[in-house]
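S.K.: When you line the sequence shown up against my numbering, it's residues 146 to 421, in that order.
We treat Cβ as the ideally placed atom computed from N, Cα and C, and that holds for glycine.
Since the structure is predicted, the reported quantities are computational estimates derived from the model, not experimental observations.
One structure is given below, represented as structure tokens, and several questions about it will come after.
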Amino acid sequence: MTPKVALVTGATQGLGLALVEGLAQQLSTEDTVYLTGRDAERVAQAVDALPGGGARVRGEVLDVADPHGSARLAERLADRHGGVDVVFGNAVMRVGPDDDPRAIVEEYAEVNNFGTTRLLRAFTPLLRDGGRFLVVASSFGTLRHLAPALHDRFDGLSSLDEVDKQVAAWRDAVKDGTARAGDWPGFVNIPSKIGQVAAVRALAAQRRDDDLARGILLAAVCPGMMNTPTSAMWWDVSDAPSPAQAAETVLELVSRPVDPGQYGELIRDGAVLPWK
């Protein structure tokens with residue numbers, strides 16, 4: 146049996162680190178889990194701090210905001226292993242209540258949105274039979290959180306290029322201030338998460354038949370509210386699950402057989418959240 150290969154982006158802390166640890170325990174000693182982040186020192190520290198046992202954990206530097214970073218890493222892993230079995234797109238730029246959306250939206254979209262579509266382009270062609278590609282989003286990533294007048298911006302898109310175009314238009318509207326006078330929500334996380342889910346849906350529409358025939362799941366996942374310092378800036382999360390607890394439900398999608406009803410959808414706690 147070919148050893149399995151897993152990859153987690155944004156994995157030096159929080160949910161990403163918990164996903165790496167969970168995958169390492171779920172997979173065998175013959176398998177490899179790649180822990181990635183944009184800072185080499187933090188990547189090395191995270192790898193060293195993980196408990197032993199299970200799959201081998203290797204660190205790799207990956208800045209998803211680098212236009213060529215995902216493609217370069219995909220090429221290296223293809224040379225080493227021939228393909229990948231599990232990818233978690235978890236890299237995210239965090240935003241606080243005091244951040245000016247106009248000042249941060251360019252970097253925010255670069256990491257959260259264009260970073261997601263770059264990862265999808267680079268790694269979905271490497272998925273082996275039975276593979277999983279899961280983009281970590283949130284329940285904000287549905288059209289119910291967007292004004293109806295804006296639904297057609299993200300609904301029914303047929304390619305990642307179309308998604309990138311719509312995200313860029315939103316980004317530019319935030320930067321020049323016109324978004325504030327229109328129907329866009331002030332919380333930049335909402336259009337960004339909708340853009341992530343739209344990217345999954347657009348690519349899934351192209352790949353669905355072949356992926357399901359090969360036992361592959363491509364989906365967005367919502368881990369739910371977690372007790373993290375970033376979430377605590379916005380909400381009371383004192384009773385929320387830890388990242389390790391939230392990771393458990395997400396990791397079930399790796400071990401369970403593929404449910405065709407979940408393919409291309411946003412999943413939370415094993416259930417599909419309606420797009421519309």
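Is the segment 185–197 close to the segment 208–225, with three or more CB pairs under 8 Å?
M.R.: As far as the Cβ criterion goes, the segment 185–197 does not touch the segment 208–225, which means the pair count is below three.
S.K.: Going straight from the alpha carbon of Ala365 to that of Ala326, what length do you get?
M.R.: So the alpha carbons of these two residues sit roughly 30 Å apart.
S.K.: Determine the burial state of Asp414: buried for a count of at least 16 other Cβ atoms within 10 Å of its Cβ, exposed for fewer.
M.R.: That one is exposed.
S.K.: Short check: CB of Arg187 to CB of Thr157, under 8 Å?
M.R.: Yes, these two residues count as a Cβ contact at 8 Å.
S.K.: Please report the Cβ distance between Arg277 and Leu398, rounded to the nearest whole angstrom; I am assuming they are in contact, meaning their Cβ atoms lie under 8 Å.
M.R.: Rounded, the Cβ-Cβ distance is 6 Å, consistent with contact.
S.K.: In angstroms, rounded to a whole number, what distance separates the CA positions of Val417 and Cys367?
M.R.: Distance between the alpha carbons of Val417 and Cys367: 10 Å.
S.K.: Contact check, Lys320 vs Arg247 under 8 Å by CB: the rounded distance?
M.R.: Contact flag correct, Cβ pair sits at about 6 Å.
S.K.: Tell me the DSSP secondary structure of Thr154 in three-state form.
M.R.: Thr154 falls in the coil class under three-state DSSP.
S.K.: Quick one: what's got a C-beta closer than 8 Å to Val333's C-beta in the same chain, skipping five residues either side?
M.R.: These residues qualify, in order along the chain: Val240, Pro246, Ile249, Val250, Tyr253, Val319.
S.K.: From the DSSP output, which residues share a beta bridge with Phe259?
M.R.: Phe259 pairs with nothing; no bridge assigned.
S.K.: Just the C-alpha distance for Gly406 and Leu357, rounded to the nearest angstrom, thanks.
M.R.: Computed Cα separation, rounded: 11 Å.
S.K.: Around the Cβ of Glu166, are there at least 16 other Cβ atoms within 10 angstroms (buried) or fewer (exposed)?
M.R.: With 16 or more Cβ atoms within 10 Å of its Cβ, Glu166 is classed as buried.
S.K.: How many Å lie between Pro336 and Ser173 at the Cα?
M.R.: Rounded to the nearest angstrom, the two C-alpha atoms are 38 Å apart.
S.K.: So, with DSSP's three-state summary, where would you put Leu195?
M.R.: Here Leu195 sits in coil by DSSP.
S.K.: Going by CA-CA distance only, name the one from Ala294, Gly275, Asp300 that's closest to Thr287.
M.R.: That would be Asp300, whose Cα lies nearest to the Cα of Thr287.
S.K.: Report all residues from its chain with a CB closer than 6 Å to the CB of Arg263; omit the five preceding and five following residues, and keep chain order.
M.R.: Closer than 6 Å at Cβ, skipping near neighbours: Ser215.
S.K.: Quick one: residues in its chain with C-beta nearer than 6 Å to the C-beta of Arg346, no 5 flanking neighbours on either side, listed in chain order?
M.R.: Excluding sequence neighbours, Arg346 sits near Gly409.
S.K.: Would you say Ala392 and Ala163 are within 8 Å of each other, going by their C-beta atoms?
M.R.: Result yes, Cβ atoms of Ala392 and Ala163 sit closer than 8 Å.
S.K.: Who are the near neighbours of Thr394 in its chain, counting only those whose CB is closer than 6 Å to its CB and skipping five residues on each side?
M.R.: Answer for Thr394: Asp414, listed in chain order.
S.K.: Less than 8 Å between the C-beta atoms of Val256 and Val209, yes or no?
M.R.: Contact: yes.
S.K.: From Met146 to Ile361, what distance separates their C-alpha atoms?
M.R.: Roughly 18 Å separates the two Cα atoms.
S.K.: What is the rounded straight-line gap between the Cα of Pro196 and the Cα of Ala324?
M.R.: Pro196 and Ala324: Cα-Cα distance of roughly 46 Å.
S.K.: Using a Cβ-Cβ cut-off of 6 Å (strictly less than) and excluding sequence neighbours within five positions of Val342, which residues of its own chain qualify?
M.R.: Correct list, in chain order: Ala282, Gly286, Ala365, Leu411.
S.K.: Rounded to the nearest angstrom, what separates Val242 and Asp309 at their Cα positions?
M.R.: Val is not the amino acid found at residue 242; the sequence shown has Pro there. Roughly 26 Å separates the two Cα atoms.
S.K.: Quickly, what does DSSP pair Gly234 with across the bridge? List them, please.
M.R.: Answer is Val280, bridged to Gly234.
S.K.: If I follow the unbroken alpha helix (DSSP H) through Val342, where does it start and stop?
M.R.: Segment 334–358, the alpha helix (DSSP H) holding Val342.
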